[in-house]
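Chemist:
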Amino acid sequence: MNPIAMACLIIGLVGFFLVSARKRWVLLGVGDATYEDRTASLAERLRRVWTFALFQKKMRYYYWAGVAHQLIFVGFAVLLLRTLVLWGRGFSPSFNLFVLGPDGFMGLPLGELYAFAKDVFALGVLAGAGVFFYYRLIRPQHRMALGIEGLIILGIMSTMMLADIVYDASILVLNHRVAEVCAAGNDWCDSVRTLVAPLAPATEPLSYHAYPDLAGSAVAQLLAGAGTGFLVVLAHAGFWMHSSLVLIFLNLLPHSKHFHVITAIPNVFLSDLTAPGRLRPVAANTEALMGLVEQASEQEDMNSARIGYARIEHFTWKDVLDFYTCTECGRCSDNCPAFTTGKKLSPKQLTLDLRDHLYGREKEILDLPGPIEHWHAKGAANENESAKNEGAEDSAEKTSNAAKPASAKLAPKNLLPDLIDPDVIWACTTCRACEEQCPVMITYVDKIVQMRRHEVMIKGDAFPSELSKPFEGMEVNGNPWNLSRMDRANWAEGLEVPMASDKPTAEVLFWVGCAASYDDRAKNVARSTARLLKLAGVDFAILGQEETCTGDPARRAGNEYLFSMLAETNVETLNGYQKQGGVKQIITTCPHCFNTLLNEYPDFGGKYEVVHHTDYLLGLLAGQKLTPKRAVKARVTYHDSCYLGRYNEVYEQPREILRRIPGVELVEPETHHNKGLCCGAGGAQMWMEEQNKDRVNVKRTKQLLSVKPDVISSACPFCMTMLTDGLKSEEKEASVRQLDVVELLAESCLETSAVPLAAE
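Just so we're on the same page, the numbering used here is the position in the sequence shown counted from 1, plus 1.
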């Protein structure tokens, strides 16, 4: 071995890597401050690292690709010690990392154990690489980036493993020849002695043994007849190939999608710990938000204001870390309802476009005078003081205005429409399928909504025209259909449902929501819920005309100002009743209301115990306050609402209710639970036209019809509308009922018929 050559190899290639890594580190500083401390809750962050980064829980959502990736990941972790051993042998031929020698360590055969583990995992890496070669060359997975880069990386990985096995095999054979070669005065004697220095003297004939040299001894049998000179050359080739390829691979990382090898663990550790259903406020309150918008309007360049995202420097440094970490696996787009129905949105491509835009400005950014230091979270907000909203965007805006970082001198380049087609961000249903599938915890919905916010609040007219009427309706009458506020409680006629104004101390508030208040079909869900609550003797009331839209459609559409007004109005009403001793618990039939009340109103001073009606009714069943009596003989399939399931982990409660109804046969479609396809209504899509004829709700309806159900059940009024329309498009409304879970339960407990067919 050659110490000088090894030193040059390590110092030179590590040096090149550090130069590239520094560029990426500085580029990370283009992102603005985050809104909270990303190092708090250490135990939870470490748990996430274990679950998602090390154990790689999400990788097996695609089973064989997941297994292959885990084999490669663990294999490289185990082989890291081998790399250190080989580098050490470049300086001292007998080097065995002090504890892995043939004599063992403190009586433990650590060297033999590691040699066996190394061979096992080297074969595992080869097997994993084989799977990915298959997916790229024989059965291409179009969700992935299929360029030459992936094949080069797989080739490097495979060559490293094979080089290591060949090196082992060669020195095993030479170890059995060293005495013979040196006794004969062979010119290869010194080279052979150097190569076999790490091994114990051979005492038995060369043979295959599964332990400890599982792979090495097998290949040694193939090389047993080779000449000594050939074996020496082969051993050196294997040694230097492994030793150098790992460093070459390291240098490729900052310039390829495999940068995630370095950034994935930090990205998972620094991931958002707040509820998935919470979007961060732009300002502490409506007045402060209006002030920010007015300040922006007075600027010569309104797009420079960080109200939403309009430019690459508006993203946070954590967003930039997300860009670095994208593996280009395409799982996000493969599960995106917009992308799979031919819309312009591809979450993967959106991330890559933003990343490439950032990389394209690297020289411009690196040439800026002075350091970019503002990537640190300045005065990170304490989440326990979220009501003060110190971590909201107004705080970050004040910080950046107080001390403009170097990135503020960047030449302005707007993202929309110059880089991203506006149709991309307006196709999103905010279903979170992309985030659920991402194995490295990249977020997408928050970035898309931030870009929508800028389009709505700063540009003013850069949003789909169909949203104008819902915005007006929510502002004037408190509902997106702009129906009279006076009619909000008409659904309850004849049920003698108490009003909170008449019963302010009612412990349970039934938050009806806009759909169940105004939509003729959804009204039956509210009526069924109210009747079951009365049957169970629940002390509840409704707000009636005092209730107004929670603002979910406005917020997801980017109209943060309208959402803030609605939220403050509702919080004032709810807190007022709490002061009178009521509203100890809120139940709602709408997952969007559920999510907003539970996860987003705390930022506006409203902290409540919020329960979805399926969860609450299951509790009544468990407490025997409700008893299913009448058999509902039907084959039922259940559709998961995104805002109930992926956002808030309510999956089993609706299913358990269905299982408790006599006569119900519950069947699952191919995609269900966290893999279930969105109905297509979220993210304000309920009021927008789809970009093509391939509709999301129709695709989902076909999936549900594939199990030949008598009833398609749901637990969301938006889903009910979309699935009902889907049944009509498939001409199944006369044979398949579309019912909320509560309607089926009411049919059994009250022994009355729910809506018999979707058409009725």
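Cβ coordinates follow ideal geometry from the N, Cα and C atoms, glycine included.
1. Taking DSSP as the reference, what is the three-state secondary structure of residue 7?
2. Who does residue 635 pair with in a DSSP beta bridge?
3. Please determine if the stretch 196-207 and the stretch 161-176 are in contact, where contact requires at least 3 C-beta pairs separated by less than 8 Å.
4. Check whether the stretch 716-727 touches the stretch 639-649, counting contact only when three or more Cβ pairs, one atom from each stretch, lie closer than 8 Å.
5. Run through the DSSP bridge pairs and tell me what residue 612 is partnered with.
6. Counting only runs that start and end within the stretch 114-193, where is the alpha helix (DSSP H) found for 4 or more residues in a row?
7. Rounded to the nearest angstrom, how far is the Cβ of residue 526 from that of residue 711, given a contact under 8 Å?
8. Under DSSP, the alpha helix (DSSP H) around residue 71 begins and ends at which residues?
9. Spatial neighbours of residue 575 within its chain, please: CB distance less than 7 Å, with the 5 preceding and 5 following residues excluded, ordered by chain position.
10. Assess, as a yes-or-no matter, whether the stretch 543-559 is touched by the stretch 679-692 under the definition of 3 or more beta carbon pairs within less than 8 Å.
11. Going along the chain, which residues of its own chain have a beta-carbon closer than 7 Å to the beta-carbon of residue 479, five neighbours each way excluded?
12. Quick check: the Cα distance between residue 454 and residue 46, rounded to an integer number of angstroms?
13. If you check the beta carbons only, do residue 322 and residue 268 fall under 7 Å apart?
14. Output the boundary residues of the alpha helix (DSSP H) element that contains residue 746.
15. Take every Cβ of the stretch 442-454, pair it with every Cβ of the stretch 506-526, and state whether three or more of those distances are shorter than 8 Å.
16. From the DSSP output, in three-state form, read off residue 482 for me.
17. Which value, in whole angstroms, describes the spacing of the CA atoms of residue 211 and residue 681?
18. Could you check what DSSP says for residue 447 in three-state terms: helix, strand or coil?
19. How long is the line joining the alpha carbons of residue 112 and residue 340, rounded to whole angstroms?
20. Less than 7 Å between C-beta atoms, sequence neighbours within five positions excluded: which residues of the same chain meet that for residue 473?
21. Evaluate residue 80 with the Cβ neighbour count: other Cβ atoms within 10 Å of its Cβ, from every protein chain shown; 16 or more gives buried, anything less gives exposed.
22. On a CA-only basis, which of 145, 140, 93 and 84 is nearest residue 116? Give me that one, please.
23. By alpha-carbon positions, which one of 197, 290 and 51 ends up nearest to residue 90?
24. Is the number of C-beta pairs between the stretch 137-146 and the stretch 86-100 that are closer than 8 Å three or more?
25. If distances are taken between C-alpha atoms only, which option among 8, 736, 627 and 700 comes closest to residue 746?
26. Between the Cα of residue 118 and the Cα atoms of 131, 75 and 725, which residue gives the shortest distance?
27. I'd like to check one pair, residue 155 with residue 133: are the Cβ atoms closer than 7 Å?
28. In angstroms, rounded to a whole number, what distance separates the CA positions of residue 180 and residue 332?
29. Counting pairs of Cβ atoms below 8 Å between the stretch 727-740 and the stretch 693-700, do you hit three or more?
30. So the candidates are 497, 445, 7 and 291; which of them puts its Cα closest to the Cα of residue 241?
31. Please name the residue, chosen from 110, 252, 272 and 229, that lies closest to residue 40 on a Cα-to-Cα basis.
32. CB residue 346 to CB residue 425, shorter than 7 Å?
33. Can you give the Cα-Cα distance for residue 294 and residue 302, rounded to whole angstroms?
34. If you count every other CB in all the chains shown that lies within 10 Å of the CB of residue 9, and 16 or more means buried, which is it?
35. According to DSSP, what are the bridge partners of residue 500?
36. Which residues does DSSP list as the beta-bridge partners of residue 739?
Modeler: Quick answer:
1. It is helical.
2. Residue 635 is bridged to 665.
3. Yes, they touch.
4. The count of Cβ pairs closer than 8 Å, one atom from the stretch 716-727 and one from the stretch 639-649, reaches three, so the stretches are in contact.
5. DSSP, once it has assigned bridges, lists 588 as partnering residue 612.
6. Entirely contained in the stretch 114-193, the alpha helix (DSSP H) runs reaching 4 residues are, in chain order, 149-184.
7. Going by Cβ atoms, the distance from residue 526 to residue 711 rounds to 19 Å, so no, they are not a contact pair.
8. Under the DSSP assignment, residue 71 falls in the alpha helix (DSSP H) whose first and last residues are 64-90.
9. Excluding positions up to five away in sequence, the list reads 584, 607 and 609.
10. Contact holds between the stretch 679-692 and the stretch 543-559, because three or more Cβ pairs, one in each stretch, are under 8 Å apart.
11. Taking residue 479 as the centre and dropping the five residues before and after it, the same chain places the C-beta of 486, 549 and 550 closer than 7 Å to its C-beta, in chain order.
12. Cα to Cα, the separation comes out at about 30 Å.
13. Going by C-beta atoms, residue 322 is nearer than 7 Å to residue 268.
14. Unbroken alpha helix (DSSP H) run through residue 746: 742-750.
15. Contact between the stretch 442-454 and the stretch 506-526 is not established, with fewer than three Cβ pairs separated by less than 8 Å.
16. DSSP, reduced to helix, strand and coil, places residue 482 outside both helices and strands of the structure shown, so it counts as coil.
17. Each residue's alpha carbon lies about 56 Å from the other.
18. Helix.
19. Roughly 51 Å separates the two Cα atoms.
20. Contacts found: 483.
21. Burial call: buried.
22. The closest CA to that of residue 116, considering only 145, 140, 93 and 84, is found on 84.
23. Relative to residue 90, the option among 197, 290 and 51 whose CA is nearest is 197.
24. These segments do not touch.
25. The shortest Cα separation from residue 746 among 8, 736, 627 and 700 belongs to 627.
26. Checked all of 131, 75 and 725; the closest Cα to residue 118 is 75.
27. Going by C-beta atoms, residue 133 is nearer than 7 Å to residue 155.
28. Within the model, the alpha-carbon separation for residue 180 versus residue 332 is close to 57 Å.
29. Between the stretch 727-740 and the stretch 693-700 there are three or more inter-stretch CB-CB distances shorter than 8 Å, so the stretches are counted as touching.
30. Of the listed residues, the one whose Cα sits closest to residue 241 is 7.
31. Residue 272 is the option with its Cα nearest to residue 40.
32. At a Cβ-Cβ threshold of 7 Å, residue 346 and residue 425 count as neighbours.
33. Distance between the alpha carbons of residue 294 and residue 302 is about 13 Å.
34. Here residue 9 is exposed, its C-beta having fewer than 16 other C-beta atoms within 10 Å.
35. Answer is 543, bridged to residue 500.
36. For residue 739, which the question treats as bridged, DSSP gives the partners 713.
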